[in-house]
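As structure tokens, the structure follows; a few thoughts come after it.
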Amino acid sequence: MKHYSMRSHLTVTFAIMAMIPILILGSFQVSQITHITQESNRNQQMTTYRLGDAVQDYMYYHRNAVETLAATITASDAAFRTRESLRLKLQSLQQNLAGFTGIYVVDQNGLIKATHTTANDSLIGTDVKDRDYTKRVQAASNTIISSLFRGQEGQNQPAVAIAVPIYKANKQRDGFVLAVLELAPIKELVTKYDYGKEAYPVVLDHAGKPIYHPNGTLTETLTDLSKEPVVVDARTQRQGEGTYTLSHSAQKELITYKAIPEIDWIVWVSKSKAAVNAAFTESLSITILLLVMTLILTVLLGSFLAKRLNGTIHALVGYTQRLAGGTFVEPGSKVVPKGAPLELQLLADHFFTMAEQIKENQGALLQLNSELEDRVEERTQRLQDEHATLNAVLESMSDAVVLIDMDHHVVYANHRMAEIFAIPMSELAIMQESALFDHIALLLPERQDELEKLTAGPRVQGAFTVKNGQGKERFMMVSAFQVAREGRVFGRGYVWRDMTKEHEIDALKNDLISLASHEFKTPITSIRGSVETLLRVDAQWEESFKQELLEGIHEDIGRIQDLIDDWLDISKIDSGAMRINPQPLRVEAVVESAMRRLPQQANDAHTQFEVHVAEDTPLIYADKLRMEQVLVNLFTNAVRYNTQHPVIRITAHADERYVKLDVQDNGIGIAAEHVDKLFDRFYRVDVSSSRQTGGTGLGLAICKGIMQAHGGEVHVESKLGEGSTFTLSIPRFLGEGNSNEQEKNHDRR
Ligand code: ADP
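At position 687 of the sequence shown the residue is numbered 687 (UniProt numbering), and the sequence of numbers has no breaks.
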């Protein structure tokens with residue numbers, strides 16, 4: 001929308017305000033003038049009627065008089081129709097009624113035979129038989145009024161005649177009385193009325209000749225006006241008025257007319273149309289002039305006032321702009337120009353005071369602002385520190401943490417979460433809750449329902465065995481909880497804790513209890529039986545029998561002791577308390593020592609050892625007893641899991657760090673699927689057979705623990721039915737180097 005300046009607004013407003021009364025007055029005046037004009041027209045009409053009546057009366061009197069005279073003559077005898085006698089009669093009429101220029105008696109032949117005065121006697125005998133009136137009166141039997149004529153009988157002036165026939169006693173026509181009327185009295189009669197400005201009367205005779213016309217020439221020349229449209233209208237339509245252009249004036253005129261009956265004359269009053277319109281036009285012009293003048297004056301005045309207001313407002317606007325731009329006007333400087341309205345002056349003063357206050361407050365505000373900024377910065381820093389600390393705590397936690405917002409988007413997840421569930425951190429950070437759970441569900445397909453339960457309820461706990469990317473099983477505990485503060489819930493959190501170790505310990509505990517119940521029961525029952533036998537007082541036992549029982553008891557106790565040893569070893573390994581006491585050793589010596597420690601069972605089987613250890617085999621750095629324990633274990637197994645005559649081949653070779661000792665047997669071998677789990681605690685390939693062979697499933701787990709405690713390792717290669725080769729990687733003795741190595745191993749555990 002276009003915006004106009006205040007000056008334009010005020011000017012237009014002033015102009016409109018000024019125009020309204022002028023327009024009202026103007027309209028009123030126009031209506032008044034219209035009314036006056038109508039009134040004037042009515043007056044003109046009335047005047048025309050009065051004029052008509054006056055002319056009619058005038059002619060009526062004169063005609064009557066002439067007719068009376070003619071009747072007198074008709075009534076008189078021939079003796080009284082002498083010239084003298086007639087003169088006296090004619091004279092009497094002329095003297096009694098003004099207006100006749102001459103009164104004559106005309107005989108049947110159309111010759112004047114008597115006049116009203118001897119002065120006119122020269123006219124006696126004048127032949128008037130060709131005159132229009134003579135013809136008409138002779139043709140008619142009643143009075144006629146002639147049309148305008150000029151002649152002697154009218155003293156050579158334009159005149160009209162009244163001709164009345166006279167009769168003899170025998171009713172025979174005896175000529176007529178001819179009374180000639182001068183026009184001056186008619187003129188006087190006609191012009192005595194006030195017709196108003198630029199208005200005039202006209203009287204025409206029956207032939208259309210002007211009896212009276214202000215233009216005397218027309219009368220003088222007896223001009224025939226019968227063809228004028230107004231005359232035609234008056235004779236035919238008789239509407240009484242109209243606007244006509246007369247041939248001699250060539251201007252439009254408003255004419256009111258009247259036809260006089262009997263004499264068939266026409267009177268009219270003519271007024272120039274220009275004069276009629278003049279008043280109207282004049283009034284309109286004055287109104288328009290007033291309007292234009294007022295308009296110019298109000299525009300000038302409005303403009304002047306607007307300029308004054310505008311100046312003040314512009315000064316205020318400029319002032320505010322400077323203020324907005326940060327420039328404060330010096331106190332005391334005049335903002336508003338002189339002569340501004342009081343209200344604007346007050347406004348400017350208030351504005352100025354306000355600006356001063358703003359200026360004062362601005363300093364304080366700036367100070368406050370900077371303090372606020374400092375505080376915000378400090379608080380932000382503190383928050384950042386707290387956040388960083390919290391982040392560090394969450395990141396260094398061994399638990400996996402993930403937080404989900406109310407829109408089910410992951411808003412936080414620590415690296416442990418990404419690691420446990422094998423999801424790239426970048427992907428995890430923008431994951432949907434549902435996608436995350438789908439991913440977790442893939443790792444534990446059969447536990448879908450339980451997983452879904454985690455998303456419901458304010459606090460839910462669950463336990464799952466999750467298979468990680470390498471197929472390794474982990475036992476996970478999960479706590480799901482609502483994240484809320486002051487009753488407002490922000491989202492949901494999940495903490496996944498890897499409880500594999502605890503779970504394993506728990507399993508171990510169970511296994512050990514089961515071991516105790518199974519493996520301890522047999523030897524203890526056996527011992528109990530033997531001891532009860534020996535304690536019988538009613539029986540006398542042979543010494544050899546007693547000896548046999550005692551040896552059995554000894555063997556059982558040895559088995560229990562072995563079990564307890566194994567148990568203790570496993571506990572040490574699990575708790576990381578397995579201590580070794582390494583020293584430089586010769587491999588061959590260790591092997592031989594182990595062979596010597598072999599249980600009776602091995603010897604009974606006539607085990608054949610083939611030891612191929614080269615003389616220059618490097619020294620190993622190991623705990624002698626523990627290394628022997630490992631070898632005894634391997635040898636025992638080689639004998640135990642063998643269906644034929646056991647042959648154990650021991651070979652040694654070395655690399656830079658280790659002496660590798662292969663213990664190869666010709667036993668039953670191990671199927672490939674068991675190889676990976678062979679070193680797990682309590683793992684036995686065939687439980688029933690191992691039960692027979694007296695195994696516990698702890699031997700190889702202890703071997704592995706001992707080898708790891710040395711910084712070495714053990715692994716197996718086997719073929720079912722052909723035999724197995726267990727390879728021990730034992731650290732070489734490296735002098736000082738071994739001590740450092742051992743430190744490292746210790747730390748690793
Ligand atoms: P055990 O006390 O049962 O011998 P180990 O841990 O020593 O426990 O051995 C675990 C399992 O590995 C045994 O039960 C057996 O099935 C298998 N095993 C160990 N050594 C051999 C071997 N030399 N030949 C065949 N199988 C073996």
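Just so you know, even glycine gets a beta-carbon here, dropped at the ideal spot from N, CA and C. These numbers come from a predicted model, not from an experiment.
| Query | Result |
| --- | --- |
| On the DSSP bridge list, what partners appear for Val165? | The sequence shown places Pro at residue 165, rather than the Val named in the question. Paired residues: Phe176. |
| Ignore the nearest five residues each way along the sequence and tell me which others in Asp556's own chain have a CB closer than 6 Å to its CB. | Pro523, Ser526 and Ile527 |
| For Ile650, which beta-bridge partners are listed by DSSP? | Val611 and Val663 |
| Please state whether the Cβ-Cβ distance between Ile288 and Val203 is less than 9 Å. | no |
| DSSP has Thr245 in a bridge; who is on the other side? | Lys252 |
| Got a sec: does the ligand ADP put a non-hydrogen atom nearer than 8 Å to the Cβ of His674? | yes |
| Can you give the beta carbon distance from Pro210 to Thr223, rounded, assuming they're within the 8 Å contact cut? | 7 Å |
| Could you pull out every unbroken alpha helix (DSSP H) segment of at least 4 residues lying fully inside the segment 198-225, listed in chain order? | 216-220 |
| Taking the alpha-carbon positions, what's the Ala279 to Val55 distance? | 31 Å |
| From Val531 to Val591, what does the alpha carbon distance come to, in whole angstroms? | 38 Å |
| So, at 6 Å on beta carbons, what are the nonlocal neighbours of Val180 in its own chain, with the 5 sequence-adjacent residues on each side left out? | Thr101, Gly102, Glu153, Gly154, Ala159 and Ala161 |
| I think Gly208 touches Ser226, with their Cβ atoms under 8 Å apart; what is that distance to the nearest whole Å? | 3 Å |
| Can you tell me the Cα-Cα spacing of Asp569 and Asp604, whole angstroms? | 27 Å |
| Give the DSSP bridge partners of Tyr104, in chain order. | Thr115 and Leu178 |
| Which residue marks the beginning of the beta strand (DSSP E) containing Ile423, and which one marks its end? | Looking at the DSSP string, Ile423 is not in any beta strand (DSSP E), and its letter there is neither H nor E. |
| Going by the DSSP bridge assignment, what does Thr723 pair with across the sheet? | The displayed chain sequence assigns Gly, not Thr, to residue 723. Paired residue(s): Lys719. |
| Leaving out five residues before and five after Ser146 in sequence, what residues of the same chain have Cβ atoms less than 7 Å from its Cβ? | Asp132, Tyr133, Val160, Ala161 and Ala163 |
| Which value, in whole angstroms, describes the spacing of the CA atoms of Ala429 and Ile440? | 15 Å |
| Is the closest heavy atom of the ligand SAH to the C-beta of Arg640 under 8 Å? | Among the ligands present in this structure, namely the ligand ADP, the ligand SAH is not found. |
| Let me know the alpha helix (DSSP H) ranges lying completely inside the segment 469-536, each 4 residues or longer, listed in chain order. | 500-515 and 521-535 |
| Mind checking who Val466 pairs with in its DSSP beta bridge? | Arg474 |
| Contact between the segment 674-686 and the segment 698-707 is defined here as three or more beta-carbon pairs at a separation below 8 Å; is this criterion met? | yes |
| For Asn666 versus Gly723, is the C-beta distance shorter than 9 Å? | yes |
| Out of Glu452, Lys453 and Phe475, point me to the one whose CA is closest to Ala463's CA. | Phe475 |
| Hey, would you say the C-beta of Ala701 is under 8 Å away from at least one heavy atom of the ligand ADP? | yes |
| Just the C-alpha distance for Ile706 and Pro582, rounded to the nearest angstrom, thanks. | 11 Å |
| Is the beta carbon of Leu347 less than 9 Å from the beta carbon of Leu316? | yes |
| Any heavy atom of the ligand ADP closer than 8 Å to the Cβ of Phe726? | yes |
| Can you say whether Glu220 is buried or exposed, counting buried as having 16 or more other CB atoms within 10 angstroms of its CB? | exposed |
| Please report the distance separating the alpha-carbon of Phe520 from that of Ile560. | 6 Å |
| Taking all protein chains shown into account, do 16 or more other C-beta atoms lie within 10 angstroms of the C-beta of Val685, making it buried, or fewer, making it exposed? | buried |
| Taking 9 Å as the threshold (C-beta atoms), are Tyr319 and Ala355 in contact? | yes |
| Using a 10 Å radius around the Cβ and a threshold of 16 neighbouring Cβ atoms, would you call Trp541 buried or exposed? | exposed |
| I'd like to know whether the C-beta of Ala179 is nearer than 9 Å to at least one C-beta of chain B. | Of the protein chains in the structure, only one exists, and it is not chain B. |
| Determine the contact status of Leu93 and Val137, defining contact as a CB-CB distance below 9 Å. | no |
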